[in-house]
């Protein structure tokens, strides 16, 4: 099932004891519809505040569900979550482990003062950004690299931090918004947001373009830029 | 002073006893900065949920304020309000009564299912809309008309309900969003939102294009479409 959601209403995808999560809301809706407890597995366990345009989840069902099942649970979901489509999959399909490629988008709004109508869905950047330098820096990300410099330190101990990025580019949109798109075979915790923080540092001249390959090579989180907030990040799509 | 705000956080512009208002938040910020009580007057007293891209307010000051005064109060305003600019005006300037033209925008998102990331800032319309019919209907709005059919009934008794509309048109934006723009010398309470409700009825075929002039001529609120929600409405700009 493909989900869209406004992450601002949740403390992340993953179910937690005392905070609202997307997983809890979705499991409650499906469980209510099927009249039995259901556990869902998501392609990407988005962090607090992170949105999804095309999150993919799977769950097991004893009975054959109709292909318009998503329509039937939309009325049971909060306004902040929509089920866009669903399909039957093989028993060995796993939304998380069968994923081949994921695409994330990060929206940056360039504004000298705070932007009330953007604040829920963008990172507000008060600096002028050199998009050409940021675009050139994106090229260094593409390929198979050890992205340890862009991973939450406590989550990487001993873990394999090599990932392949297939595409990384920047699009200019209207209203002074730029969107950074990145597609890869997987992402470390906080990886997209710390890459964006680093790109902003390059765009505003704090880092030079040539710093990007050095930061990647350093395999040291302290070398990269800061982790920007979750509200500008969107899980766009998952490919299997 | 020109303000931008997210109306979703307020129960309208106008100060109220028990609900948060834009006026209260702005008056508190300016009063704190000037260290004396200040009352502001707005060009358009936007309703609950209605946003502003370029609301204009005025207030009196005994002292000459710096022209970057707006920067100095931004840090005192909530995230949901930004002061974009300010200038000194003549003593006889009144943000409300000196206004010559106001432009409003109404955003409609065409989506078969609810749209989590749009729901705060658009009206979600599940019907397919005939934009050509809606565009043609816009033409009937332009000119000097008695817009009583589009006014909140209890607000119009004996009052002059004649207004001049200078421009009314529809723009298609990306993500299945259409924006209705209307510029006039003034607007009755709920006028833009009931015009949009009527245009949607024409777009989905509930009303025909030819019904628009009849609805205007009827001067009867019951003939027009329903008042759509405030969250899709933006006060774009005010001209003096």
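Chains as they are written, first to last, in my numbering: chain U, 5 to 244; chain W, 5 to 244.
Where a beta carbon is used, it is the ideal one built from N, C-alpha and C, also for glycine.
(1) Tell me the rounded alpha-carbon separation between residue 72 of chain W and residue 118 of chain U.
(2) Taking only the alpha-carbon atoms, compute the straight-line gap between residue 239 of chain W and residue 197 of chain W and give it to the nearest angstrom.
(3) Would you call residue 127 of chain W buried or exposed, if buried means 16 or more other Cβ atoms sit within 10 Å of its Cβ?
(4) In three-state terms, what does DSSP make of residue 110 of chain U?
(5) Measuring only the C-alpha atoms, how far is residue 92 of chain U from residue 188 of chain W?
(6) Just confirm the distance between the C-beta atoms of residue 154 of chain W and residue 122 of chain W, as a whole number of angstroms; I'd bet it's less than 8 Å.
(7) Scan the stretch 116–133 of chain U for residues whose Cβ lies nearer than 8 Å to a Cβ of chain W and list them as they occur along the chain.
(8) Which residues in chain W sit within 7 Å of residue 9 of chain U, going by Cβ to Cβ distance?
(9) Where does residue 6 of chain W sit, in a helix, a strand or coil, going by DSSP?
(10) Measure from the alpha carbon of residue 244 of chain U to the alpha carbon of each residue in U:86, U:96, U:30, U:70, then state which is nearest.
(11) Using 8 Å for Cβ pairs, my map puts residue 46 of chain W next to residue 17 of chain W. What's the rounded Cβ distance?
(12) Quick one: residues in its chain with C-beta nearer than 8 Å to the C-beta of residue 27 of chain U, no 5 flanking neighbours on either side, listed in chain order?
(13) Between the alpha carbons of residue 57 of chain W and residue 42 of chain W, how many angstroms are there, rounded?
(14) Against chain W, with Cβ distances strictly below 9 Å, would residue 55 of chain U count as a contact?
(15) Quick one, which of W:115, W:7, W:103, W:63 has its alpha-carbon nearest residue 89 of chain W's?
(16) Just the C-alpha distance for residue 221 of chain W and residue 203 of chain U, rounded to the nearest angstrom, thanks.
(17) Between the Cα of residue 112 of chain W and the Cα atoms of W:241, W:242, W:232, which residue gives the shortest distance?
(18) Residue 191 of chain U: buried (16+ other C-beta within 10 angstroms of its C-beta) or exposed?
(19) Comparing C-alpha positions only, which one of W:178, W:151, W:158 sits nearest to residue 166 of chain W?
(20) In this structure, how does DSSP classify residue 35 of chain U when only helix, strand and coil are distinguished?
(21) Let me check understanding here. Comparing Cα to Cα, which of W:86, W:217, W:49, W:104 lies closest to residue 242 of chain W?
(22) By DSSP, does residue 50 of chain W sit in helix, in strand, or in coil?
(23) Can you pull the chain W residues whose beta carbon is under 7 Å from the beta carbon of residue 84 of chain U, in chain order?
The structure says:
(1) 15 Å
(2) 12 Å
(3) buried
(4) strand
(5) 53 Å
(6) Incorrect: roughly 25 Å between the Cβ atoms, too far for contact.
(7) 117, 118, 119, 120, 121, 123, 124, 125
(8) 120
(9) strand
(10) U:96
(11) 5 Å
(12) 17, 18, 19, 44, 46
(13) 23 Å
(14) yes
(15) W:7
(16) 58 Å
(17) W:232
(18) buried
(19) W:151
(20) helix
(21) W:104
(22) coil
(23) 120
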